[in-house]
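Written out below as structure tokens is the structure these notes cover.
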Amino acid sequence: MNKRLLYVSCCIIACITILSQCINKAEKNEAAFRGPQYAGAAACAGCHKNIFDTYMGTAHYHTSMPANTSTVKGSFAAPDHTFTYDSATKVVMEARDSGLFQAAYNNDVPQESHRFDIVVGSGRKAQTYLYWQAGKYFQLPLSYFVPAHSWANSPGFPADHPKFDRMIPSTCFGCHSSMVAKSTDMQGVHIVESFEKNQVVYGIDCERCHGPAAEHVQFQSSHPQEKKAMYMTRIAELKNQQKLDMCALCHSGLGTPQKSMFDFKPGDALSGYFFPEFTAPKRTAQMDVHGTQYQLFTASKCFMKSNDMNCSSCHNPHNSESNNMELFSQRCMHCHNTASHNFCKLAELPANILAKNCIDCHMPALPSANITLLTNGKQSPTPDSIRTHLITIYKEETKKVLARLKQAS
Numbered sequence: 002m003n004k005r006l007l008y009v010s011c012c013i014i015a016c017i018t019i020l021s022q023c024i025n026k027a028e029k030n031e032a033a034f035r036g037p038q039y040a041g042a043a044a045c046a047g048c049h050k051n052i053f054d055t056y057m058g059t060a061h062y063h064t065s066m067p068a069n070t071s072t073v074k075g076s077f078a079a080p081d082h083t084f085t086y087d088s089a090t091k092v093v094m095e096a097r098d099s100g101l102f103q104a105a106y107n108n109d110v111p112q113e114s115h116r117f118d119i120v121v122g123s124g125r126k127a128q129t130y131l132y133w134q135a136g137k138y139f140q141l142p143l144s145y146f147v148p149a150h151s152w153a154n155s156p157g158f159p160a161d162h163p164k165f166d167r168m169i170p171s172t173c174f175g176c177h178s179s180m181v182a183k184s185t186d187m188q189g190v191h192i193v194e195s196f197e198k199n200q201v202v203y204g205i206d207c208e209r210c211h212g213p214a215a216e217h218v219q220f221q222s223s224h225p226q227e228k229k230a231m232y233m234t235r236i237a238e239l240k241n242q243q244k245l246d247m248c249a250l251c252h253s254g255l256g257t258p259q260k261s262m263f264d265f266k267p268g269d270a271l272s273g274y275f276f277p278e279f280t281a282p283k284r285t286a287q288m289d290v291h292g293t294q295y296q297l298f299t300a301s302k303c304f305m306k307s308n309d310m311n312c313s314s315c316h317n318p319h320n321s322e323s324n325n326m327e328l329f330s331q332r333c334m335h336c337h338n339t340a341s342h343n344f345c346k347l348a349e350l351p352a353n354i355l356a357k358n359c360i361d362c363h364m365p366a367l368p369s370a371n372i373t374l375l376t377n378g379k380q381s382p383t384p385d386s387i388r389t390h391l392i393t394i395y396k397e398e399t400k401k402v403l404a405r406l407k408q409a410s
């Protein structure tokens, strides 16, 4: 009996030892490509649980995810699972035992198929998808367009045949993840990137905006009585341009990088990460609403007349607030109110109704010329509508909003 008990005890100890080794190995693997100075977002939840929990519902947090049945939007059931290019060519979404696939057929003969590996995009407007092969990531030919509830040709892809060979560089991961494991090699005069499969810190996590936290977590855990945040950059103490640069890293378009975007830390200057764009449009009328939020916002009178206006003046990055027009409008009222004599001057509707939606009049959703999606059965692509960040007067949009508000009232 004692021998049996000893044997069971030895087995339990062995299992615990193996499990701890596996956990340590996983931690070391993550540290290997992100660095030991990072603690991981889960470490933030201990002291900042409420913020952590609400942030998990934001588009930033969900801007990339591993692909599976719970993260991929769109139907895998007939007839909605098929995108037709012509009478002979189609791509079918297939749920197989080994995962989700996009499979191309010509006259019902299989041509090529690849697995959904990574979801890119929160799914609030659209999602696109990547697959991994031989050290490279490629974009799948079909994306999902939420407003149309339909599979759609991926932006910039040919409309007459499925394209599986669009290679995705690390710069795309720079705005849609918190780190990707990669290596580089010189082939002639070109730098060639290679990626480890699914070695990605998905989404924009706490440390992507607040900086590496391992030293902070270690200190605060061992000094719980210390209420001042140590070994972390205090965002509130940054200069206004530094706060703007944090958001502009991903919301000012994709420039020519000088160094990896993953190296950016709060307080860094944006100019240190991208070469100047001498060919970029100088006039706001030439700027597309996609990817130029920083340029449009800083060209607005609201910004130019303020000393300290920045992205966080309107956006709480820790909460999901999209489409809450009344909440955003209340933030407009901090400056635009009757006491300051600069409230909305429209007389068609009562002030209490106008106060519920400044946004659709002064920051309307406008069609993007750069992001268009061809949905199944359509002859021309549909532009994605993106809210402009140029805060100004849009007369035609205002007419639409007034008509809608009058009807609702």
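Each position in the sequence shown, counted from 1, maps to that position plus 1 in the working numbering.
No residue lacks a Cβ here, since even glycine has one placed at the ideal position from N, Cα and C.
Everything numeric in this text was worked out from a predicted model, so none of it was measured.
Alpha-carbon to alpha-carbon, residue j and residue i
| i | j | result |
| --- | --- | --- |
| residue 159 | residue 320 | 37 Å |
| residue 267 | residue 239 | 8 Å |
| residue 137 | residue 165 | 12 Å |
| residue 78 | residue 93 | 9 Å |
| residue 288 | residue 109 | 43 Å |
| residue 310 | residue 274 | 23 Å |
| residue 75 | residue 257 | 34 Å |
| residue 250 | residue 107 | 42 Å |
| residue 163 | residue 119 | 19 Å |
| residue 28 | residue 199 | Its pLDDT being 40, under 50, residue 28 is placed unreliably in this model, and the value from its coordinates should be taken loosely. Cα to Cα, residue 28 sits roughly 15 Å from residue 199. |
| residue 295 | residue 301 | 10 Å |
| residue 95 | residue 234 | 46 Å |
| residue 226 | residue 220 | 11 Å |
| residue 111 | residue 151 | 23 Å |
| residue 85 | residue 143 | 11 Å |
| residue 125 | residue 326 | 16 Å |
| residue 183 | residue 122 | 21 Å |
| residue 101 | residue 140 | 14 Å |
| residue 115 | residue 170 | 18 Å |
| residue 57 | residue 89 | 43 Å |
Secondary structure of residue i, DSSP reduced to three states
| i | result |
| --- | --- |
| residue 146 | strand |
| residue 302 | helix |
| residue 56 | helix |
| residue 445 | Lying outside 2 to 410, the shown extent of the chain, residue 445 is not represented and no answer is given. |
| residue 200 | strand |
| residue 367 | strand |
| residue 360 | helix |
| residue 415 | Within the shown structure, residues of the chain are numbered from 2 to 410, placing residue 415 beyond reach of any answer. |
| residue 275 | strand |
| residue 343 | coil |
| residue 51 | helix |
| residue 293 | coil |
| residue 385 | strand |
| residue 241 | helix |
| residue 154 | strand |
| residue 167 | strand |
| residue 266 | coil |
| residue 420 | Limits of the chain in this structure are 2 at one end and 410 at the other, which puts residue 420 out of reach. |
| residue 184 | strand |
| residue 402 | helix |
| residue 307 | coil |
| residue 314 | helix |
| residue 222 | helix |
| residue 330 | helix |
Own chain, CB closer than 6 Å to residue i, minus 5 neighbours either side, in chain order
| i | result |
| --- | --- |
| residue 417 | Residue numbering for the chain in the displayed model covers 2 to 410; residue 417 lies beyond these limits and cannot be assessed. |
| residue 216 | 232 |
| residue 52 | 319 |
| residue 186 | 193 |
| residue 208 | 39 and 214 |
| residue 248 | 312 |
| residue 180 | 35, 202 and 263 |
The ligand FAD heavy atom lying under 7 Å from the CB of residue i
| i | result |
| --- | --- |
| residue 264 | The model on display carries no ligand, and the ligand FAD is accordingly not part of it. |
Cβ shell of residue i (< 7 Å), same chain only, five flanking positions each side left out
| i | result |
| --- | --- |
| residue 46 | 53 |
| residue 270 | 246 |
| residue 334 | 356 |
| residue 290 | 367, 369, 387 and 389 |
| residue 177 | 64, 65 and 121 |
8 Å CB neighbourhood of residue i in its chain, flanking five on each side removed
| i | result |
| --- | --- |
| residue 339 | 352 |
| residue 332 | 314 and 315 |
| residue 347 | 355, 399 and 403 |
| residue 172 | 255, 258 and 262 |
Interface flag, residue i vs chain D, CB-CB below 8 Å
| i | result |
| --- | --- |
| residue 138 | The chain labelled as chain D is not found in the depicted structure, where only one protein chain is given. |
Decide yes or no for the touch test of the region 399 to 410 against the region 371 to 381: beta carbon pairs closer than 8 Å, at least 3 of them.
The answer is no - the region 371 to 381 does not touch the region 399 to 410, with fewer than three Cβ pairs under 8 Å.
Does the structure place the region 184 to 201 close enough to the region 130 to 147 that three or more beta carbon pairs sit under 8 Å?
Contact holds: three or more Cβ-Cβ distances are below 8 Å.
Which runs of the beta strand (DSSP E), 3 residues or longer, sit entirely within the region 60 to 140?
65 to 67, 83 to 85, 90 to 97, 100 to 107, 110 to 116, 119 to 121, 127 to 134 and 137 to 140
Taking contact to mean at least 3 C-beta pairs separated by less than 8 Å, is the region 202 to 214 in contact with the region 54 to 66?
These segments touch.
How do the region 344 to 354 and the region 115 to 135 stand: do at least 3 beta-carbon pairs fall below 8 Å, yes or no?
no
Is it a yes or a no for the region 355 to 371 touching the region 395 to 405, going by three-plus beta-carbon pairs under 8 Å?
yes
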